[in-house]
Every structure is written in structure tokens, then in C-alpha cells.
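Encoded as C-alpha cells, the structure appears first; notes follow it.
Residue numbers (my numbering), protein chains in the order written: chain A, 1 to 571; chain B, 1001 to 1571.
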């Protein structure tokens, strides 16, 4: 099509409110328009990109025997009550009443209708395994949408669900899905996607992986071992701590610590190593308000996800008021009865700790848990850290990186088939609940991640596999009859050869024409100008500057075709 | 793919709750599953059909310079407040509050975000005309979903919006869209689509057309002239009545009509032609409850849409209680002060009418409006009727048919650009509001309409353009090595030739195999069996029984290719 007709504006100025480059470039280039916080419309350029991504996803899902279906966006709450998630999922699920006052929800994931769709179909073992998927709009009322298309409230997602009669069969299929996901990322332009073990969160199940594009712009923390192949999302990474107790065990001593409340203040005042402190972190269980106090070594960070998983309840940072009975800033294990108490692994096998005395302006020193408090069970409630011990190879080579979660895959077990009573009869006629896998990938977030990965200050550099067009044809002086005639003819030839082309024949300056082309980010640029005509050539460059050649007119088409196939192979 | 792996069950029994055949067949054939009243999931067969329909729509929209975009499903109420529709649209729009208590709505049509998306882009005349469209899920909380996919609450719709700097330009584009819609219907299998003038309803605007598949199963009434090309939706069809007054004018006389309330009872009791009666039909304005009484000739039906349009307010049939001051069953114009009174054209130029006396058990005879009540304005508030006068050719040749509305196109004028303040500057730098057209078509409803049109008692007969597969290959005895070997090889060859094939190699009876094939409705069936093998042939039939031939194995592929192109040309 002609650029002059392309709906969407392009801007020179970087929008000040954008934190991420992909967000800024998509606003500048006329890809998206915000309709509300975290809700966007797509202009034609972005729509062309996402349709190509959807097609790649479809091909990879079909290649692992997926069958495309569709589930509704709007569902009755009763369906979600079957699985128990109508209660357990929080405010990220949008809810409303229809005209008959029936409670309805907007789908944010579709395990429930996925089970409902095949509950009768899957009644006999002979039908298994099978996988169904959809590419559909979802709404998740995120508290903090960010980064343009990176974290939105409304998004298009491919979600797939597989059904199996054994864990072995699920494992086998899960590996195929894992590979298909790597293929999708590679074909879309992220061959170096990091696959990390993750926590399943509200999805349930044990085994799960996230497909992470590693970038400082990401909002997820990923723990990677430099020595072996271990990698995991921070929320799923084991935190391993080895304490060597001091040789001399000190007695428990109450000390006056006037106004020293934070663990840094107290240890600095007492001249203690922060590792010799027992820090209190206070949470409240959502809805009930019950207090939960985690004690962990002073240098470590509490991991909410691990605590939530242990408790089986959602928590939030506590609001400590006068009625709580908790002495904020001076909390310690001894004598603390107003809360559930958790001990982190990092406090195991140590001594001579300082901790709060549950009394204003007082701490203890010389604290040793078993001696001064009693026997306790230790669990892993802290976050892994840079330089920590790898749970796989035991080397102290952990690094912490940041990344964007592009996709995720989960083994769900029988969580949904059990709660929603989906059963099949085996060869002996006995009834079992099938096990499920589920496989999600965000279409627009993948587009934004690719944009994060490939761009310069002038615009995105789209891989040819998902670029809005393959060729950006510029006629530099459309008032010059020879140049315009040649460019018009080339445009026709390109279309005849089914090569996707955006044609800029506007009477604008070279500067405007090229900066617009940079924002559209098409991989191959063909420039026709009166000067080129005189030299009997066209100028062909790639957006990433790896190719810059002058080609004779009668060789242009072959050169372009060859270049397209070379660029296609690269990805 | 193999039928054995196709997700979805097929049933022999017709579901008793289905009124329409398309609904029954789609349930029996494993096309749809109800998730809630008027909300369905799609199984893979239907998904294949709707994707083909979407592709046809996309091609036709692109052919008239449409550019695909996408708007959100969830939108802030504030956007709809800009146009005034947040208040004016009733309960069919789903509303909820997000986690920040911001009022949100679910899109049921997208004029508002369509204007919001291009409000800046369209600031100068040089950008015009342009058209954007999306194919997106919508939710409309219908009071009475019906007929499976014919009227659902959630549906996928293509909606397009065009923008113009003059009515002439809109007219020109509107004609192209009109033709594109005819193309879509033709290519999907309804070449004989009826295009009728319609009322714009809540969309606003003056000129609009509906694309109607005529079938007794439809819920819309369409008025068609047998003498000329006039056709219109009942709600938009002018009702023309010519009265010839009686020669002798009678005096106004109050008569005792004990318990005779309906117009049929009264006219029969008084031995009058029903055309000599003045019937009262009572409505209430929605929200305010104000009474509106329409007087119309006794033989005609009131048209709510025409009254609503006249009033500019939504109405509903009245509940007449004791406080209303209205004497139900005996309402007449004279002395009626508790309601707004409307007079239908059909009461113009007549005399000697009977009408209510606003007194229990009394009517008047000899009523003549101007003489006994006063001068009034008459408007068209009644429905056209079978045998009525055509507004175009004046012949009494009107017929009333029923149809399913597959698509609709509207000229919106500047209703939305004005209320939402979208303006462009013309060549002189003066500011104007552009005029818009909008173009909608329901994807699943089109699929269901095609199924209504083409089916027999055994299943749908899909046109090849939208059929889930082109070939249904049956191997009648997959335990027979020769037949199985041949069928397997043919399946491979078909796939290599990129011919979409569903392959049934299950060890089931011929009866099951053929009745399943009938429900899947693929246009071309190829049967391989041991008996055929002995006769050195395959049996090739079409689902519509127009072709039934035995073809030698080495000629099968050519025959199939030829048959596919012949069937494709037909549509």
C-alpha cells in the first residue's frame, strides 16, 4: 500500500511518559493508541505484525497436533465456581452482573471453559492425548499496567490446553510444547530466549517454565547459574544459605536500642554483621487480615510468592496498627503470640543473633533460636541473590538478570479435571481424572519484546518474519517523471511477485521520508531517485545497515528476492 | 487431519430445545457448545469455517481500501459518554467497575474508539477518505438470545468505519461497501442475499441497508414489492393507507359496549368493518414512565420503532394501573388528557369510526377526528402489511417475508464526529466535522445462515468456499490392507497437493462413517473400500448428491482437482 494512505500518525518527539523504548517507538510510529490505562487500540502497522505472529503461533501449534477452538470472553461465574477460582482469584478478574443479575466474569485464562468444552468428548481413554488452543482477547485487571504493550490489562493471547491419561504422556507432550515455544520465539526474532523454571502461581500444578527475553527493561527477576544450566524465575529459585556458627556462644542479653528500628540501623548501632541478625517481615493474609511474621537473616529479602505458596493464602504487606499487639520495629520471636510465625532456612544453624525484644526501644543480642525460643521448622522463604549458591551444581555462581516473560507453559496435573469432574474410563473401564498441560503466549507482548530487542534511536528494526511489510519503497522525487515512472513500475512488479511493499511516493523531504521509514521499521529499503536514475541504479539497504548496495534496474527484482530469502533464513 | 482425532462429539439425536435446524445440526455435529445462555465455545470444525469467512471478509474489505486495526473489547465509560451513548444505550451494554472503581463497558459496536483512534490522524482534508475495520469479539446483552449462533450475546463481528469530507464522497464509498457486502455473501454461499432499506436505530444516521437471508426461520420481517425493486425492513417500510370515507356521515353516538374491550370484540358487537375503528395502543416511555397512546386504524399493527424514532425516546408496552387515569379497553381520543396522543396516517380522511369513550363499558360510533376532536397531525406509526401499497411504484403488491440479518451498513453522517469533536481543516483552512459510514457483519451468524440455507436432515452441506475441509476421505474397511494402503497413500497425496482433507480411517460401520461425514458436511466425499478396490476405482460423490462417480485410481487426483475448481466457480 501507499504510505500516504496508511492510517496512523508518526511523531518526531519521544513521548515523555514512556519508560520503555518499545513503548515510545510504538507511540511515535503510529502503532498503538491508549484508550485507557493499560488498554490500547492497534493501528494497521501493528495489526499486520500481530497477524504474522499469530500465524507463526498457529503453525507451531498445529505442528504439535493442536486444534484451534474458541472460548468466550464473557463467562458465567458459575463456571469459575466449579474450579474454585471464582473465590481464589482476586481483583485482577473483572466481574459484572448481566441483565438477569447473573454474575459473569471476563476471561483472563481459560482452564474452566477448556475443561467444560471437552468434558464429554474425553470420556474414553482412546480419545487421548489431545490439545486445543485459541487466540483470543483477554482482560486481566492488572494493578500496575506498564511499558505500553509489555503489561496491559487487555491483551491477545494464545492459550492452549492438553489432556493426557498419564504423567508420562504429559511429560512427553510438554517437551514438544517446550520446543514449539522455542520455535515461536526463534521465528519471531528471539532465538536466544531464556527458558526458566517458574512458580505456577494461581494456575496450580508443579512443573512450569517461563520463556524470558532477557533485558534490563524487564520486570521479572531471573536467577541464572554461570557454572551450569540452572535458571529459574526469582519466585521459583531456591535460596540456599550455609551458616557457620560463631565458636563462642553468647548469652541472651536485652539491650537498649532507642529508636533504632530497621535491621540496618540496629546492626550498625550494635556493630554487628548484618548476617548476625534475625529480621522480621510482617504480612497480613488477604481478606482475613491475620498477621504472619517471617523471620529471616537480615541480609536477605523475603519472597512473597514462597510464603503464599506455603500458606495457601494470598498475603499483602501488613498495616501494623495499635490494636495489632505487634511492636513495630522491635519484633522478635520470643513472646510473639499475636501472629503466625515462619522461620526462613537462612536462620538455621547460626547463633549470637540480634532480634527484637517485642518491647519499644529494646532488642536482644546473643539470640539462638533453639536455645532461646524452641525447636522450629525452617523453610525456604527468601529470594535467591547475586553470588548465591546454585541449587543444581552447588557453585556460588548465581547471577540475577531481568527479563520479559513472553510465554509460559505449565503442567497442571488434575487440578481442574478433578475440581470440575472430568473423567475418562481406561481400558478396564475404571474412571480417572486426566492430567492437563497449559501453554500461554502473549501476542502483543511478543511484538513489544522483539521491538525492545531490535531497534535504534530512530525506530524498530523488524525481523522480516513479522515485519509489517518486506519492502519499503521510497521515491525521493515523485515530481521527477523518470524516477516516479520507474518507482511506480517497480511497485507494480513487487505486488505482482506477491512481495509485501509499502510505497512512499509523497512529495516530502528526504529527511521526513527516511525518518518515517525508520519508524515503520521495514527490513529492506529500496530508494529510487533522479540521481540514482542517472547512475542507472536503485539503492537497496537494510534497516539494520548490514546491506547497502546500488543495483542496476533490471537486476533489482532478483536481488530483492534473494535478499528476502537470505533475511528469512537468518531468523 | 484424521477424523479419529477431531475434538468434538457427534450425536444422532436432535436436541429437543433447538428451534432452528442450523442450531440443531451445529450441536449434533460438534460445532458449538453452550457456555451460558447465548454464549458459545466453538469446536475446531466451526473454527475452520469462521476463519475462512473471516478471510473472505478481510479480502473484500482490503479490496475497498479498508485497513485492519483493532479496538479494545473493554473500554472506559468516559469514551461512551463523549458520544452520549453511555446514557442512551440500554441494558444490552454490559457495564462494570474496574479495580479503581472506574466505570467500564464491553464493546457492542465501536464508533467511539473508531473516532478516538483517528481524531488526530484525520485533521486535514488530504487524509480523506479512509476506512478502518476490525474483526473482534463483541458482547451485547440481548434480552432474547435465540437459534444457536443466529442471535447470541457474545459474537465475532467485522465492523468497519469510513470517513469522508463530503456526503457525495460517502455516497460513493457506501456503494463500494454495498457491493463488497454482496460479494462477501455471494462468496460465503448466499448469492441471493436480499438488500433492504432499514432503520438506523441506536446507530443514528439516515441511509442504511440490511443484508438479509430470506428464510421463514428468520426473526426479521421484510417488506418486498412484487411489482418493483422496493424492499425494506418492516421497521423502515412506509405504511401507506388510502381511506375512502363513507358517503353519509353519522353523528357521534355513545353506545353501551359492556365488557367488549378489544377492537375485534367491539367491531364484531357493533357489526362494523374493523377498518371503521380507531384502535388505541398504549406505551410508556422507558425510565420516565410517561404514557403515550397511539390511535391507529383497527386492522393495522403499531410499529414501535417508528414511534421511538418520532419521540426520540425508548418505549415499552404500558402497564396500565389504577393511578394512570386511563380506562383500559375503552380509550378514545376525546377527553384523554393523561397521555401524549399520536395519530397514525391510517386515520386520515375517514369517518364513522368507533372508538373508546374513556368510560367503562362505553364506546362512541360515528366518530370523525376533525369534527369531534380537532385538527391533528398524522404520521406513519403503523407496520406495512401483506397486500399493502408499495411506496415506490404505488401498486398494491407488497409482500411480507422473514429473514436473518447477516450484515448491515449505515451512513452515520456527523453524529459521532460532532459529538466527539473530530474535525478536519479543508483547503481553505476551515474546520468541519467529517461524515462517517459504518459497516457490520456477524461472522458466526453468517456461518449459521449458510447452514440454514444448505442442509438436509442429515447435516449441513457446506459450500466449498467456507467448508471446514474440501475432501472427506473415507476408508470403509481399514482392516483391509489393500484399501487402507490405497487410502493412506491418497491422503498423503492430497496433503501434498495442499488439498484440505479430513480422513476417516476408523474401524467403524459404514453407517456411522457416513452419518458422521454428513454432519461434518464437507462438499466432496471420496470412498475407498475393498469392493471399490476390486472394481479398480474410488467412489467420488458430492454432499449435495449432484456428483456420484466411480473413478480409476490414477485419475482420482485430477478428477478431485477439477471438481474442486468447478465447485469453487459455482459459488
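The C-beta atom is built at its ideal place from N, Cα and C for all residues, glycine as well.
Proximity of residue i and residue j at Cβ, strictly below 8 Å
{"i": "residue 1102 (chain B)", "j": "residue 1072 (chain B)", "result": "no"}
{"i": "residue 147 (chain A)", "j": "residue 239 (chain A)", "result": "no"}
{"i": "residue 1354 (chain B)", "j": "residue 1161 (chain B)", "result": "no"}
{"i": "residue 564 (chain A)", "j": "residue 526 (chain A)", "result": "no"}
{"i": "residue 1165 (chain B)", "j": "residue 1121 (chain B)", "result": "no"}
{"i": "residue 1465 (chain B)", "j": "residue 1188 (chain B)", "result": "yes"}
{"i": "residue 366 (chain A)", "j": "residue 250 (chain A)", "result": "yes"}
{"i": "residue 451 (chain A)", "j": "residue 25 (chain A)", "result": "yes"}
{"i": "residue 1408 (chain B)", "j": "residue 1210 (chain B)", "result": "yes"}
{"i": "residue 575 (chain A)", "j": "residue 30 (chain A)", "result": "Lying before the first or after the last residue shown, residue 575 (chain A) is absent from chain A, which here runs from 1 to 571."}
{"i": "residue 1305 (chain B)", "j": "residue 1386 (chain B)", "result": "no"}
{"i": "residue 301 (chain A)", "j": "residue 392 (chain A)", "result": "no"}
{"i": "residue 502 (chain A)", "j": "residue 1 (chain A)", "result": "yes"}
Reference residue i; option with closest CA among the options
{"i": "residue 1531 (chain B)", "options": "B:1020, B:1548, B:1559, B:1475", "result": "B:1475"}
{"i": "residue 1086 (chain B)", "options": "B:1105, B:1544, B:1152", "result": "B:1105"}
{"i": "residue 83 (chain A)", "options": "A:114, A:57, A:58, A:55", "result": "A:114"}
{"i": "residue 1346 (chain B)", "options": "B:1391, B:1298, B:1363", "result": "B:1298"}
{"i": "residue 360 (chain A)", "options": "A:331, A:341, A:163, A:374", "result": "A:331"}
{"i": "residue 1056 (chain B)", "options": "B:1529, B:1118, B:1185, B:1014", "result": "B:1185"}
{"i": "residue 317 (chain A)", "options": "A:469, A:430, A:303, A:310", "result": "A:303"}
{"i": "residue 558 (chain A)", "options": "A:490, A:507, A:529, A:508", "result": "A:490"}
{"i": "residue 463 (chain A)", "options": "A:485, A:421, A:524, A:96", "result": "A:524"}
{"i": "residue 1553 (chain B)", "options": "B:1486, B:1515, B:1411, B:1513", "result": "B:1486"}
Through-space distance from residue j to residue i, alpha-carbon basis
{"i": "residue 1243 (chain B)", "j": "residue 1275 (chain B)", "result": "9 Å"}
{"i": "residue 74 (chain A)", "j": "residue 1539 (chain B)", "result": "46 Å"}
{"i": "residue 1405 (chain B)", "j": "residue 149 (chain A)", "result": "37 Å"}
{"i": "residue 1268 (chain B)", "j": "residue 1261 (chain B)", "result": "11 Å"}
{"i": "residue 109 (chain A)", "j": "residue 534 (chain A)", "result": "59 Å"}
{"i": "residue 1278 (chain B)", "j": "residue 1378 (chain B)", "result": "13 Å"}
{"i": "residue 369 (chain A)", "j": "residue 252 (chain A)", "result": "11 Å"}
{"i": "residue 138 (chain A)", "j": "residue 520 (chain A)", "result": "27 Å"}
{"i": "residue 11 (chain A)", "j": "residue 154 (chain A)", "result": "25 Å"}
{"i": "residue 1313 (chain B)", "j": "residue 1206 (chain B)", "result": "17 Å"}
{"i": "residue 67 (chain A)", "j": "residue 556 (chain A)", "result": "42 Å"}
{"i": "residue 375 (chain A)", "j": "residue 295 (chain A)", "result": "14 Å"}
{"i": "residue 1225 (chain B)", "j": "residue 1168 (chain B)", "result": "28 Å"}
{"i": "residue 1336 (chain B)", "j": "residue 1093 (chain B)", "result": "37 Å"}
{"i": "residue 1549 (chain B)", "j": "residue 1506 (chain B)", "result": "24 Å"}
{"i": "residue 358 (chain A)", "j": "residue 264 (chain A)", "result": "18 Å"}
{"i": "residue 1460 (chain B)", "j": "residue 1022 (chain B)", "result": "8 Å"}
{"i": "residue 1254 (chain B)", "j": "residue 1334 (chain B)", "result": "12 Å"}
Close beta carbons around residue i, own chain, < 7 Å, minus the five adjacent residues each side
{"i": "residue 339 (chain A)", "result": "291, 292, 293, 326"}
{"i": "residue 1054 (chain B)", "result": "1135, 1443"}
6 Å CB neighbourhood of residue i in its chain, flanking five on each side removed
{"i": "residue 176 (chain A)", "result": "64"}
{"i": "residue 1051 (chain B)", "result": "none"}
Close Cβ partners of residue i (< 8 Å) along its chain, the five nearest in sequence each way excluded
{"i": "residue 1178 (chain B)", "result": "1195, 1209, 1409"}
{"i": "residue 310 (chain A)", "result": "342, 379, 381"}
Proximal residues of chain C, C-beta to C-beta of residue i below 7 Å
{"i": "residue 154 (chain A)", "result": "Of the protein chains in the structure, A and B, none is chain C."}
Cβ-based contacts, 9 Å cut-off: residues of the stretch 1023 to 1048 of chain B near chain A: 1030, 1033, 1035, 1036, 1037, 1039, 1040, 1041, 1042, 1043, 1044, 1046, 1047, 1048
Residues from the stretch 1112 to 1131 of chain B in contact with chain A, defined by Cβ distance under 7 Å: 1113, 1116, 1117, 1118, 1120, 1121, 1130
Members of the stretch 1063 to 1081 of chain B near chain A, C-beta cut-off 9 Å: 1065, 1067, 1068, 1069, 1070, 1071, 1072, 1073, 1074, 1075, 1076, 1078, 1079
Within 7 Å of chain B by C-beta, residues of the stretch 366 to 391 of chain A in sequence order: none
Interface residues of the stretch 1433 to 1453 of chain B facing chain A [CB-CB below 7 Å]: none
Residues in the stretch 233 to 265 of chain A having any Cβ partner in chain B nearer than 8 Å: none
Within 8 Å of chain B by C-beta, residues of the stretch 3 to 17 of chain A in sequence order: 5, 6, 7, 8, 9
Chain-ordered residues of the stretch 84 to 104 of chain A with a beta carbon less than 7 Å from chain B: 91, 94, 95, 96, 98, 99
Near-chain A residues of the stretch 1505 to 1534 of chain B - C-beta to any C-beta below 8 Å: none
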